[in-house]
Amino acid sequence: MSNSFHAFLGGSLGRVAIKLLTLSFLAGIVMNFLGWTPQNLMQKIMEFLKSLWKTGFITFTNLFHITVMGAVIVVPIFLFLRIFRKK
């Protein structure tokens, strides 16, 4: 396969498939533990999007706050992984 395809996937097809299967299994365990189903999750997402539409622009402020709260967790983890990443 081409180098651009490997770059897009982040590795060989087999290795990426194994990573995705492992992550899917772990996500399934977490969802099962929390009692979530794919249908339930999609329903909650749809309800969230409908509430966004109904509440208008005030929700954009809420989205900003939610994004900032998530970034407080995600950005340090990202930086930690980048700094200590073995090459």
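Each residue of the sequence shown is one higher than the last, beginning at 1 in full-length UniProt numbering.
Even glycine gets a Cβ: it sits at the ideal position worked out from N, Cα and C.
Judged by DSSP secondary structure, residue 55 falls within the alpha helix (DSSP H) whose first and last residues are 38-55.
Note that the C-beta distance between residue 21 and residue 31 is not below 9 Å. In this structure, the CA atom of residue 15 is about 44 Å from the CA atom of residue 56. Between residue 50 and residue 66, the alpha-carbon positions lie close to 17 Å from each other.
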